[in-house]
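Working notes, beginning with the structure itself.
Protein chains in written order, with my numbering: chain A, 30 to 144; chain U, 4 to 116.
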């Protein structure tokens, strides 16, 4: 398996533009996480899906952020409109257990810069 | 509240010397514990985990960690550090009955040649 695949690896966009980040989890994994990493706040959990259903989106910063998982092999995180404070590295991770008793596998991340 | 603490932002060690990266946790019940490593411009990579059983767990690249229930600690260790071990290390805890992994703030390890 190629692991968790994220695209794009880098995204530079202007403030106010819509940004869509994509994630393909590992086949057979039923849990999917979106995290944001910044120097100031470390790793923050944004949203958790189980069997394609959003279970907890309490970490989503505000209404500008939305995430979907239309099927077991694809998820998106959308920011509309984007703001400079959204600049961060966004990670997608997947695991095959609903409980955190097995490791999560992380993608390479998308480095987002909003200018 | 569940939490993980990595008290050192940075650890410096000479190549060939033993290294320790500290982690303490606070969680209800028995925890699931993990260590991850992050190299520059890469995602987090799993190193090792403690779920149950032997308190000393061995992982990738010669790393090991010891679960200490009384001290609520899970320190990462390696007998002989390599320059290539220089990276950012994250401790994480999962609480039974939840889905969440709680990550520490990370410790930057610098191994000096």
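We treat Cβ as the ideally placed atom computed from N, Cα and C, and that holds for glycine.
At a beta-carbon threshold of 9 Å, the residues of chain A lying near residue 37 (chain U) are 129, 132, 133, ordered along the chain. The distance from the Cβ of residue 53 (chain U) to that of residue 130 (chain A) is about 10 Å, inconsistent with a contact at the 8 Å cut-off.
Across the structure, residue 43 (chain U) and residue 90 (chain U) are spaced so that their CA atoms are roughly 7 Å apart.
In terms of beta-carbon proximity, residue 122 (chain A) lines the interface with chain U, with at least one pair separated by less than 9 Å.
Non-local C-beta neighbours of residue 5 (chain U) in its own chain, meaning closer than 7 Å and more than five positions away in sequence, comprise 29, 30, 96, 98, 105, ordered along the chain. Restricting attention to beta strand (DSSP E) runs no shorter than 3 residues, the segment 32 to 88 of chain A encloses them at 34 to 36, 39 to 42, 48 to 53, 60 to 67, 71 to 79, 82 to 85, ordered along the chain. A straight line joining the alpha-carbon of residue 88 (chain U) with that of residue 15 (chain U) spans about 11 Å.
Residue 98 (chain A) is positioned such that its CB atom lies closer than 9 Å to that of residue 82 (chain A).
Only buried fits residue 54 (chain A), as 16 or more other CB atoms lie within 10 angstroms of its CB.
Within the same chain, 69, 70 come within 6 Å of residue 58 (chain U) by CB-CB distance, once the 5 residues on both sides are set aside.
By the neighbour-count criterion, in which a residue is buried when 16 or more other Cβ atoms sit within 10 angstroms of its Cβ, residue 115 (chain U) is exposed. Put simply, the segment 70 to 86 of chain U does not touch the segment 67 to 74 of chain A. Fewer than three CB pairs are less than 8 Å apart. Residue contact with chain A for residue 77 (chain U): absent (no Cβ-Cβ distance below 9 Å to any residue of chain A).
Against residue 104 (chain U), the close residues of chain A are 129, 133, in the order they occur along the chain (beta-carbon pairs closer than 7 Å).
Looking at the DSSP output, residue 83 (chain U) shares a beta bridge with no other residue. Taking the C-beta atoms as reference points, residue 8 (chain U) is found no nearer than 9 Å to residue 23 (chain U). Judged by DSSP in its simplified three-state form, residue 43 (chain U) adopts coil rather than helix or strand. The residues 115, in chain order, have a CB closer than 7 Å to that of residue 17 (chain U) in the same chain once the five nearest residues on each side in sequence are set aside.
If you check each beta-carbon in the segment 76 to 88 of chain A against every beta-carbon of chain U, the ones closer than 8 Å belong to 77, 79, 84, 85. Cβ-Cβ distances below 6 Å link residue 111 (chain U) to 13, 91 in the same chain, with the five nearest sequence neighbours on each side left out; the list follows chain order. When secondary structure is reduced to three states using DSSP, residue 93 (chain A) falls in the coil class, being assigned neither helix nor strand.
Looking from the CA of residue 93 (chain A), the closest CA among A:60, A:115, A:79, A:120 belongs to A:115. Residue nearest to residue 89 (chain A) within the set A:108, A:43, A:35 is A:108 (criterion: CA-CA distance).
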